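For reference, the structure discussed in these notes is given below.
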Amino acid sequence: EVLFLSSQTLPLSDLPNFEPSDLVTRGHVKANAFVSYSSIRYKKDVEPLDSALDTISKLQGVSYSWKDTGKKDFGFIAEEVGRVVPEVVDFEDNGTDATSMDYSRLTAILVEAVKEQQATISSLKSVVAKLAAQHDEIDG
Numbered sequence: 002e003v004l005f006l007s008s009q010t011l012p013l014s015d016l017p018n019f020e021p022s023d024l025v026t027r028g029h030v031k032a033n034a035f036v037s038y039s040s041i042r043y044k045k046d047v048e049p050l051d052s053a054l055d056t057i058s059k060l061q062g063v064s065y066s067w068k069d070t071g072k073k074d075f076g077f078i079a080e081e082v083g084r085v086v087p088e089v090v091d092f093e094d095n096g097t098d099a100t101s102m103d104y105s106r107l108t109a110i111l112v113e114a115v116k117e118q119q120a121t122i123s124s125l126k127s128v129v130a131k132l133a134a135q136h137d138e139i140d141g
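Written as structure tokens, this is what we have:
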């Protein structure tokens with residue numbers, strides 16, 4: 002494994018106390034892929050997500066400007082997300098001030114929310130079809 006610093010590449014063996022999980026960076030990080038462990042081999046107590054649409058409805062997307070650069074951006078306020086989905090937010094030791102959040106982990110909730118919406122849409126389509134058929138019989 003290697004660590005890339007600007008235009009420099011260092012073998013991790015040159016950094017005996019370096020833990021990749023302790024890496025903190027500011028700015029942009031570019032890579033072909035960012036991957037997370039996801040195999041069932043690493044998990045226990047697996048359960049389906051419930052009320053995903055309700056959970057997503059509690060999140061507020063916002064636009065904002067970064068204080069240090071003035072660059073416009075959009076996303077979430079981590080402290081607000083932490084009140085709804087604390088599993089995706091990292092907090093300082095005080096447990097109140099967020100340091101970061103893992104946007105990618107919201108994907109599972111979003112997928113389940115879409116499935117809930119699709120079930121509602123399918124049900125409503127069925128109702129509309131029945132009402133249209135009744136209307137045609139009356140009009141008929």
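In the numbering used here, the protein residues as written are 2 to 141. Glycine residues also receive a C-beta, built at the ideal position from the N, C-alpha and C atoms. Values in this document were obtained by computation on a predicted structure and should not be read as measured data.
Since residue i sits in a beta bridge, which residues does DSSP pair it with?
i, result
"A99", "F92"
Write down the C-beta distance between residue i and residue j rounded to the nearest angstrom, noting that I regard them as a contact closer than 8 Å.
i, j, result
"L125", "I57", "At roughly 19 Å, the Cβ-Cβ gap does not stay under 8 Å, so L125 and I57 are not in contact."
"K59", "V85", "5 Å"
Apart from the five residues just before and just after residue i, which ones in its own chain have a Cβ nearer than 6 Å to its Cβ?
i, result
"M102", "A79, V82, V89 and V90"
"F75", "S64"
"K73", "S66"
Using C-beta distances below 8 Å, list every residue in its chain close to residue i, excluding the 5 sequence neighbours before and after it, in chain order.
i, result
"Q61", "F77, I78 and E81"
"I41", "V47"
"P49", "E113"
"G141", "none"
"G71", "none"
"F35", "S105"
Once you ignore the five residues that flank residue i on each side, which residues in its own chain have a CB closer than 7 Å to its CB?
i, result
"F92", "G83, D98, A99 and T100"
"A53", "I110, E113, A114 and E117"
In chain order, which beta strand (DSSP E) runs of at least 3 residues are fully inside the stretch 22 to 90? 63 to 66 and 73 to 76
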